[in-house]
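K.L.:
For the sequence shown, the residue numbers in our numbering are 54 to 267. After the structure tokens below, expect a handful of questions from me.
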Amino acid sequence: MNIILLGPPGAGKGTQSARLVERHGMRQLSTGDMLRAAVKAQTPVGLKAKAVMDRGELVSDEIVSELIDAELAAMPAGQGAIFDGYPRTATQAEMLDALLEKHGRALDRVIELAVDEDALVDRITGRFTCARCGAGYHDRYRQPRQAGVCDECGSTEFKRRPDDNEETVRTRMQEYRAKTAPILPGYEARGIVRRVDGMASIDAVTAAIDAILA
Ligand code: ADP
Ligand code: ADP
Ligand code: ZN
């Protein structure tokens, strides 16, 4: 299975991808995570992307598609891919089709996480992750079981993204509306879109996705 998780910032793509990885042995291909790793390592791509990301704008289609290409090349043929945060423009959607063909894969489903925009700022400004293993949490919706200790790895260090502030989130939402949402009709025409209520609880969203993939 190769699937796209599509939804605005804060819709729950990363949270649900992590569960799909755990339950179905799929691989998460998050261009956001790849770009943040490049920024941290100060690679040429990272140096170029940092200011764009800090503003909440989109990095170039070529850069993100090259990252995806390299990941697909390194994956075992039998392992399913979850595209998280890619494609984000019509050009990226076309590039993904070409990359899938190049790597002998087909797109099975586009899962749209439908959310109420008003909830997104709240979700994003409360988001934090484990600094060691990357497990995702939220100030109100998903605290670690023991305060200050990661459920997954026991670390006591957490971090927040510099772009998870209200002003940048507004720009990111505008980018989503203007450039990403318009790619949905093309996938709808292929009959592969399934819509999930992203406002439901994290467990309920997981159950809905599992039902779609079953
Ligand atoms: P995305 O990858 O789409 O930007 P995340 O998966 O990082 O979104 O989720 C954003 C924040 O909202 C995280 O802090 C996460 O814990 C929380 N969250 C994710 N899904 C839900 C949900 N269904 N209900 C409440 N909070 C959620
Ligand atoms: P979120 O899921 O919260 O929207 P991501 O982690 O997916 O955030 O992306 C963070 C930032 O990285 C984006 O605001 C954008 O600057 C950049 N980025 C990630 N994926 C892409 C992409 N496919 N195309 C262009 N820019 C991207
Ligand atoms: Zn951890």
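No residue lacks a Cβ here, since even glycine has one placed at the ideal position from N, Cα and C. Just so it is clear, the structure is predicted and the values come from calculations on it, not from any experiment.
(1) Taking a contact to mean a Cβ-Cβ separation below 7 Å, would you say V249 touches I116 in this structure?
(2) Over the uninterrupted beta strand (DSSP E) stretch that includes I56, give me the two end residues.
(3) Use the C-beta contact count for K66: other C-beta atoms within 10 angstroms, 16 or more gives buried, fewer gives exposed.
(4) Who are the Cβ neighbours of T292 in its own chain at under 6 Å, not counting the five residues just before and after it?
(5) Is R141 close to ligand 2? I mean its beta-carbon at under 6 Å from any heavy atom of the ligand.
(6) Taking the straight line between their C-alpha atoms, what separation do you get for I255 and E220?
(7) How should G131 be labelled, buried or exposed, when 16 other C-beta atoms within 10 angstroms of its C-beta is the threshold for buried?
(8) From the DSSP output, in three-state form, read off A200 for me.
(9) Does the distance from the C-beta atom of R225 to that of P62 stay below 7 Å?
(10) List the DSSP bridge partners of E165.
(11) Between G109, A134, Q227, which lies nearest to H77 when the distance is taken from Cα to Cα?
(12) Keeping to the same chain, check which residues put their C-beta closer than 8 Å to that of T178; ignore five residues upstream and five downstream.
(13) Use the C-beta contact count for R193: other C-beta atoms within 10 angstroms, 16 or more gives buried, fewer gives exposed.
(14) Sorry if obvious, but does the Cβ on M106 come closer than 6 Å to a heavy atom of ligand 2?
(15) Can you name, in chain order, every residue of its own chain whose Cβ lies under 7 Å from the Cβ of C183, other than the five neighbours on each side?
(16) Using the Cβ count rule (16 or more neighbours within 10 Å means buried), how would you classify R180?
(17) Nearest to I121 by alpha carbon, out of D86, A143, L100?
(18) Express the C-alpha separation of R243 and T144 in angstroms, rounding to a whole number.
(19) Mind checking T68: buried by the 16 CB within 10 Å criterion, or exposed?
(20) Around ligand 3, which residues pass a check of Cβ closer than 6 Å to any of its heavy atoms?
(21) Would you kindly report the start and end of the unbroken alpha helix (DSSP H) that includes T142?
(22) Consider the C-beta atom of I236 and the heavy atoms of ligand 1; say whether any pair is separated by less than 6 Å.
(23) If contacts are defined as beta-carbon pairs under 8 Å, then L166 and A64 qualify, I think. What distance do you get, rounded to the angstrom?
P.N.:
Result, derived from the coordinates:
(1) The residue labelled residue 249 in the question sits at position 196 within the sequence shown. The residue labelled residue 116 in the question sits at position 63 within the sequence shown. No, the Cβ-Cβ distance between V249 and I116 is not below 7 Å.
(2) Start at 1 with the first residue of the sequence shown, and residue 56 comes out as number 3. Start and end: 55-59.
(3) Numbered from 1 along the sequence shown, position 13 holds the residue referred to as residue 66. Answer is buried; the Cβ neighbour count reaches 16.
(4) Past the boundaries of the shown model lies residue 292; the chain is included only from 54 to 267, so the question cannot be answered.
(5) The count along the sequence shown starts at 1 and reaches residue 141 at position 88. The answer is yes for R141.
(6) Numbered from 1 along the sequence shown, position 202 holds the residue referred to as residue 255. Numbered from 1 along the sequence shown, position 167 holds the residue referred to as residue 220. Cα-Cα distance, rounded: 26 Å.
(7) Reading the sequence shown from its first residue, position 78 is the one you call residue 131. The residue in question, G131, is exposed, as its Cβ has fewer than 16 Cβ neighbours within 10 Å.
(8) Here residue 200 is taken as the residue at index 147 of the sequence shown, counted from 1. Coil.
(9) For the purposes of this step, residue 225 is taken as the residue at position 172 of the sequence shown. For the purposes of this step, residue 62 is taken as the residue at position 9 of the sequence shown. Yes, Cβ-Cβ distance for R225 and P62 is below 7 Å.
(10) Indexing the sequence shown from 1 puts residue 165 at position 112. DSSP lists L59, R248 as partners of E165.
(11) Looking up residue 77 in the sequence shown gives position 24. That would be A134, whose Cα lies nearest to the Cα of H77.
(12) Position 125 of the sequence shown holds residue 178. D217, N218, E219, V222, listed in sequence order.
(13) Within the sequence shown, residue 193 is the residue found at index 140, counting from 1. It counts as exposed.
(14) Here residue 106 refers to the residue found at position 53 when the sequence shown is read from its first residue. Indeed, a heavy atom of ligand 2 lies less than 6 Å from the Cβ.
(15) Taking the first residue of the sequence shown as 1, we reach residue 183 at position 130. C203, E205, C206, S208, F211.
(16) As a first step, residue 180 is located in the sequence shown; it is residue number 127 there, counting from the start. Per the 10 Å Cβ criterion, buried.
(17) By one-based count along the sequence shown, residue 121 stands at place 68. Closest by alpha carbon: D86.
(18) Counting from 1 along the sequence shown, the entry for residue 144 is found at position 91. Counting from 1 along the sequence shown, the entry for residue 243 is found at position 190. C-alpha separation (whole angstroms): 17 Å.
(19) Counted from its first residue, the sequence shown places residue 68 at position 15. The residue is buried, with at least 16 neighbouring Cβ atoms inside 10 Å.
(20) C183, R185, C186, A188, C203, E205, C206, S208
(21) Numbered from 1 along the sequence shown, position 89 holds the residue referred to as residue 142. No alpha helix (DSSP H) holds T142; DSSP gives it neither H nor E.
(22) Reading the sequence shown from its first residue, position 183 is the one you call residue 236. It does not: the Cβ of I236 is nowhere closer than 6 Å to a heavy atom of ligand 1.
(23) Walking along the sequence shown from the start, residue 166 turns up at place 113. Walking along the sequence shown from the start, residue 64 turns up at place 11. That pair is a contact at about 4 Å.
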